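*Asks:* Residue numbers (our numbering): 76 to 430.
Even glycine gets a Cβ: it sits at the ideal position worked out from N, Cα and C.
As the structure is a computational prediction, the values presented were derived from the model and not from experiment.
Provided herewith is a single structure, encoded as structure tokens, for subsequent inquiry.
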Ligand SMILES: [Zn+2]
């Protein structure tokens, strides 16, 4: 891709100084009030609907984001294996009705999903965005295999019990999920998009209930297989739900444990636990850093424009120096976040983000 936005983002990936700080905001598009012409449920069955929802978002904003992060319902692979979720009223949370893996023996039921068959529509979203967005780099969300196993394919309780009592059965399931994830991520990248957004830790149970050796065996080892198999320009690691674990006992974020991940840039939730300057101090020699936007009611969610602007200013002051920094939210923004908050970020970046 040849574009100003792409060059800006790539300078950050190389931990260099871009012309200005790039920014992006992501949520469950099209599950957003002001995009309600589009259906969140249909977007999980029809790749074009998902692409159209994301392109509509870009069109509706007064300021162009420097990167588009595409977010499917993160249980989309579990859906193909037969788990059921309750999509209603375009709400972003589609609660679990039933999971495919209920008993230990059910791990055997999984098969490797084909990006040309069961996952075809999700690949198609990438094809369309890669073709139609000529100037905006696109990254697609890839959920960690252990998180899929716990939240959608099975349950946290099933995985934790099998990890300790029936590890061979769980291993069989994890290998199928991992192979599926690798094949899918490669197919997405092959469409010409610029990279992946790799989500780990969703739900927070692995930080709370896994020991560090268990994390290394059941999370990191499989994550590395996926990340090392995929060749692309942008690999962003999203560390979800961190505070629960960090606040307990393991000190993962502050000890630099995440340096084990082969990625270019890290993004984590939540900043109030590890703020940007601290993260840059710990991780800045290994990764670029993405964050600084507050998705809560204190700021973006309630459309407090002055606060959004103050957040952008502070984030850039605390982490912008020397480059290697990009503005983004700690996790997906809420579907009721007003459009004015997106525009306020774009405006503030122009005001404070130039080097
Ligand atoms: Zn998250």
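For residue 229, which residues in the same chain have their Cβ closer than 7 angstroms to its Cβ, ignoring the five residues on either side in sequence?
*Replies:* 174 and 176
*Asks:* Shortest alpha-carbon distance to residue 156 belongs to which of 404, 260, 224 and 394?
*Replies:* 224
*Asks:* Say yes only if the C-beta of residue 263 is nearer than 7 angstroms to one or more non-hydrogen atoms of ligand 3, and no if none qualify.
*Replies:* Among the ligands modelled here, namely ligand 1, ligand 3 does not occur.
*Asks:* Three or more beta-carbon pairs under 8 angstroms between the segment 91-99 and the segment 280-292, yes or no?
*Replies:* Verdict: no, contact absent.
*Asks:* Looking at ligand 1, does it come within less than 7 angstroms of residue 366, judged from the CB to the closest heavy atom?
*Replies:* no
*Asks:* Just to confirm my understanding: we take residue 208, look at its own chain, exclude 5 residues before and 5 after, and list those with CB closer than 8 angstroms. What are they?
*Replies:* 130, 133 and 143
*Asks:* If you draw a straight line from the C-alpha of residue 341 to the C-alpha of residue 359, how long is it?
*Replies:* 10 angstroms
*Asks:* Can you list the residues near ligand 1, meaning Cβ strictly closer than 7 angstroms to any non-hydrogen atom, in the order they appear in the chain?
*Replies:* 274, 277, 313, 315, 316, 344, 406 and 407
*Asks:* Does residue 418 get closer than 8 angstroms to chain D when you measure Cβ to Cβ?
*Replies:* Of the protein chains in the structure, only one exists, and it is not chain D.
*Asks:* Quick check: residue 165 and residue 172, are their CB atoms within less than 8 angstroms of each other?
*Replies:* no
*Asks:* Around the C-beta of residue 428, are 16 or more other C-beta atoms found within 10 angstroms, so that it is buried, or is it exposed?
*Replies:* buried
*Asks:* For residue 226, name the three-state secondary structure that DSSP assigns.
*Replies:* Residue state, collapsed to three classes: helix.
*Asks:* Only counting the same chain, and skipping five residues up and downstream in sequence, which positions put a Cβ closer than 7 angstroms to that of residue 375?
*Replies:* 368, 369, 383, 408, 412 and 416
*Asks:* Return the CA-CA distance between residue 94 and residue 192, expressed in angstroms with no decimal places.
*Replies:* 42 angstroms
*Asks:* Tell me which same chain residues have a C-beta within less than 7 angstroms of the C-beta of residue 418, skipping the five on either side of it?
*Replies:* 136, 137 and 138
*Asks:* First and last residue of the alpha helix (DSSP H) that includes residue 357?
*Replies:* Where residue 357 is concerned, the enclosing alpha helix (DSSP H) stretches over 351-358.
*Asks:* Does DSSP put residue 263 in a helix, a strand or coil?
*Replies:* helix
*Asks:* Around the C-beta of residue 355, are 16 or more other C-beta atoms found within 10 angstroms, so that it is buried, or is it exposed?
*Replies:* buried
*Asks:* Answer yes or no: do residue 40 and residue 273 have a C-beta to C-beta separation smaller than 8 angstroms?
*Replies:* Residue 40 is absent from the model: the chain starts at 76 and stops at 430.
*Asks:* Quick one: residues in its chain with C-beta nearer than 6 angstroms to the C-beta of residue 259, no 5 flanking neighbours on either side, listed in chain order?
*Replies:* 190 and 194
*Asks:* Work out the CA separation of residue 331 and residue 397 for me, nearest whole Å.
*Replies:* 20 angstroms
*Asks:* If you count every other CB in all the chains shown that lies within 10 Å of the CB of residue 297, and 16 or more means buried, which is it?
*Replies:* Buried, because 16 or more other Cβ atoms sit within 10 Å of the Cβ of residue 297.
*Asks:* Inspect the CB distances between the segment 209-217 and the segment 77-84 and report whether three or more fall short of 8 angstroms.
*Replies:* Contact holds between the segment 209-217 and the segment 77-84, because three or more Cβ pairs, one in each stretch, are under 8 angstroms apart.
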